[in-house]
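Encoded as C-alpha cells, the structure appears first; notes follow it.
Residue numbers (our numbering), protein chains in the order written: chain P, 90 to 282; chain B, 2 to 231.
Here it is as C-alpha cells:
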C-alpha cells in the first residue's frame, strides 16, 4: 500500500467510521465466539442461541465499544490534542510575522448550528487587506465555509458565520484566519453541540 | 451571469470530493444495505433511483434555504424530522440485516398473520423483494434528509445565494441550483459503492451475506443511537 493511499485513507475516511468498523468487526467476532459457548448451556430450551444470542450480544458489545471509540478519538493526533484556543473562555491570540491576530466568536457559549459573530483584531506595523476565515475540521472535508470580514474599527474586522454540526459527534473545529499577502494562522477549538 | 455561477462548479466539485470521503461514511451503510438486499440482481436502476431521490431532496432544501435566506431558520425547523429520519434509517438497516441473516422473519416483525396486511409491512416487502425498483425513489427522497455536515455547509451557501437574489423565484432557483450541483457531485461515489456491494462479482456469497447481515444489524443500532442522541 503506497504512502499516498495510506494518507488518503487516514484523511478521507472519518475517524468515527474507521473506529466504528473496528468495533463492528470486533463485535461480530466476539458475538459468534460467545454464542457458541452459550449454545451448549441453552440446549433443550426453546430458545435458539444462533437466532437470538448473536444479535443480542452484538448489541451489548456495540454499546460497550462506544466507550473504547471515544478513547480512540481522544487519542487521535488529528483531533482534540491539537486544540490551541479556548474560545469558550474568551478571545484567542496568535503571532503571525510580526503581527498579532486575535479571534473572538460571539455569543458565548460558541454553539454549532447558530448564527455567530466572528471578530478579528490585528495589531502590528504591517497593513493588510480585510482578512477572512475558513471554517473546517481537520482530517474531514466539510465543504467550503468562508466567513468574509469587514472593517468595523481600526484593525478590527467582523463577519457572520455558522459552524455546522458533524453527525459523527466530533466537535473540534479549525478557524483559519487569512491575512492577504501576510499569511495564515490557525485556531483550533471545541464547539458545543 | 450571476455571481453564484462559479459557485455551482465549486459545489459540484465539493460534492464529488466529499462524496468519496464523508458521504461514503454516512450513506455507505445504507447504500450497501440496499445493494445486498437485492441479492445479486441488477443494482444500477435501484441505486440511481435512490440517488435521484436524495438529490431532489437536497435541491428542494436548497430552494427553501434560498427563499428563507437563513440556514438556521431552515435547520431548526427540520431538526426533529432529521432526527426521526436518522432513527428510521437505523431501523431500516437493522431490519434488513435481521431479515437477511435469517434471524427473524417478516412475519415475526410485523405479526404472524398476513405479513403484507399493513402499509409499512407491504412497503418493506416491496423494498425487500424489489419487484418494483421505483420504491427506491421515495426512500432516497426521505433519506436525503439525513443530517450531514457537508450538506449543511452547502445549505449555508444556498441561503447566502438566496440573499443576493432579487426575487423570491430567483431566491429559490439560486439555492436549489447550488444544492443540485452539490448533490449530483456526490452521486458517483455512492453509485460506485452500491455497485461494488452488489456482489455480482463474487462467486461464493453465502459467507459474505452472513457477515454483512451482522454488520448491518450493528450499523442500524449505531444509527438509532446517533438519532436518539442527536
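Using N, Cα and C, we set each Cβ at its ideal position, and we do this for glycine too.
ask   = What residues from the segment 224 to 256 of chain P come within 7 Å of chain B, judged by C-beta to C-beta, listed N to C?
value = Closer than 7 Å at the C-beta level to chain B, one finds these residues of the segment 224 to 256 of chain P: 229, 230, 231, 232, 233, 234, 251, 253, 254, 255 and 256.
C-alpha distance - residue 206/P paired with residue 195/P, whole-angstrom precision = By one-based count along the first chain, residue 206/P stands at place 117. By one-based count along the first chain, residue 195/P stands at place 106. Residue 206/P and residue 195/P have their C-alpha atoms spaced approximately 5 Å apart.
message = Just to confirm, is the Cβ distance from residue 21/B to residue 190/B under 7 Å?
response = Looking up residue 21/B in the second chain gives position 20. Looking up residue 190/B in the second chain gives position 189. With respect to residue 190/B, residue 21/B sits close: the two C-beta atoms are nearer than 7 Å.
inquiry  = Measuring straight from C-alpha to C-alpha, what distance separates residue 30/B and residue 223/B?
reply    = Translated into the one-based positions of the second chain, residue 30/B becomes position 29. Translated into the one-based positions of the second chain, residue 223/B becomes position 222. In this structure, the straight-line span from the alpha carbon of residue 30/B to that of residue 223/B is close to 11 Å.
inquiry  = Tell me which residues share the same chain as residue 68/B and place their Cβ nearer than 8 Å to its Cβ, disregarding the 5 neighbours each side in the sequence.
reply    = Counted from its first residue, the second chain places residue 68/B at position 67. Once the five neighbours on either side are set aside, the close Cβ partners of residue 68/B are 163, 169, 172, 173 and 176.
task = Measure the CB-CB distance between residue 160/B and residue 183/B and report whether it falls below 7 Å.
result = Mapped onto the second chain, residue 160/B falls at position 159. Mapped onto the second chain, residue 183/B falls at position 182. Taking 7 Å as the Cβ cut-off, residue 160/B and residue 183/B do not qualify as a contacting pair.
task = Excluding the 5 residues preceding and the 5 following residue 82/B in the sequence, name in chain order all residues of the same chain whose CB lies nearer than 8 Å to its CB.
result = Your numbering for residue 82/B matches position 81 in the second chain. Counting only Cβ-Cβ distances below 8 Å, and skipping sequence neighbours, we find 146.
message = Suppose the cutoff is 7 Å on Cβ atoms and the five residues either side in sequence are ignored; what does the same chain contact list for residue 274/P look like?
response = Here the question's residue 274/P lines up with position 185 in the first chain. Excluding residues within five positions, the ones whose Cβ falls inside 7 Å are 183, 185, 190 and 266.
task = Spell out whether any CB of chain B is found under 7 Å from the CB atom of residue 204/P.
result = The residue labelled residue 204/P in the question sits at position 115 within the first chain. Output row for residue 204/P: interface = yes.
Residue 227/B burial status per 10 Å Cβ neighbour count (16 or more: buried) = Walking along the second chain from the start, residue 227/B turns up at place 226. By the 10 Å Cβ count, residue 227/B comes out buried.
ask   = residue 193/P bridges to which residues according to DSSP?
value = Position 104 of the first chain, counted from the first residue, corresponds to residue 193/P. 208/P, per the DSSP bridge assignment.
query = Under 7 Å, do residue 281/P and residue 180/P count as touching if we go by C-beta distance?
reply = In the first chain, residue 281/P corresponds to position 192, counting from 1. In the first chain, residue 180/P corresponds to position 91, counting from 1. Contact: no.
task = Look at the alpha carbon of residue 16/B and the alpha carbon of residue 8/B, and state the distance between them as a whole number of angstroms.
result = Mapped onto the second chain, residue 16/B falls at position 15. Mapped onto the second chain, residue 8/B falls at position 7. Taking the Cα positions, residue 16/B is about 12 Å away from residue 8/B.
Residue 252/P (DSSP reduced to helix, strand or coil) = For this step, residue 252/P is matched to residue 163 along the first chain. In the structure shown, residue 252/P adopts coil according to DSSP, grouped into three states.
ask   = If you draw a straight line from the C-alpha of residue 263/P to the C-alpha of residue 105/B, how long is it?
value = What you label residue 263/P is simply residue 174 of the first chain in a count that begins at 1. What you label residue 105/B is simply residue 104 of the second chain in a count that begins at 1. Going from the Cα of residue 263/P to the Cα of residue 105/B covers about 46 Å.
ask   = How many Å lie between residue 57/B and residue 140/B at the Cα?
value = Locating residue 57/B in the second chain gives position 56, counting from the first residue. Locating residue 140/B in the second chain gives position 139, counting from the first residue. Rounded to whole angstroms, residue 57/B to residue 140/B spans 12 Å at the Cα level.
task = Just mark residue 48/B as buried or exposed, buried being the case when its beta carbon has 16 or more other beta carbons within 10 Å.
result = Here residue 48/B corresponds to residue number 47 of the second chain, with the count starting at 1. Residue 48/B comes out buried.
key: CA-to-CA distance, residue 226/P to residue 60/P, given in whole angstroms   = Nothing about residue 60/P can be reported from this structure: the residues present for chain P run from 90 to 282 only.
query = To which residues of the same chain is residue 249/P closer than 8 Å at the C-beta, ignoring the five residues directly before and after it?
reply = Taking the first chain and counting its residues from 1, the one referred to as residue 249/P is at position 160. Closer than 8 Å at Cβ, skipping near neighbours: 204, 205, 206, 207 and 236.
ask   = In whole angstroms, what is the alpha-carbon distance linking residue 246/P and residue 209/P?
value = In the first chain, residue 246/P corresponds to position 157, counting from 1. In the first chain, residue 209/P corresponds to position 120, counting from 1. So the alpha carbons of these two residues sit roughly 5 Å apart.
query = Beta-carbon separation of residue 151/B and residue 187/P under 7 Å?
reply = Numbered from 1 along the second chain, position 150 holds the residue referred to as residue 151/B. Numbered from 1 along the first chain, position 98 holds the residue referred to as residue 187/P. Cβ atoms of residue 151/B and residue 187/P: not closer than 7 Å.
ask   = Is the beta carbon of residue 187/B less than 7 Å from the beta carbon of residue 202/P?
value = Taking the second chain and counting its residues from 1, one reaches residue 187/B at position 186. Taking the first chain and counting its residues from 1, one reaches residue 202/P at position 113. Not in contact: residue 187/B and residue 202/P (Cβ atoms no closer than 7 Å).
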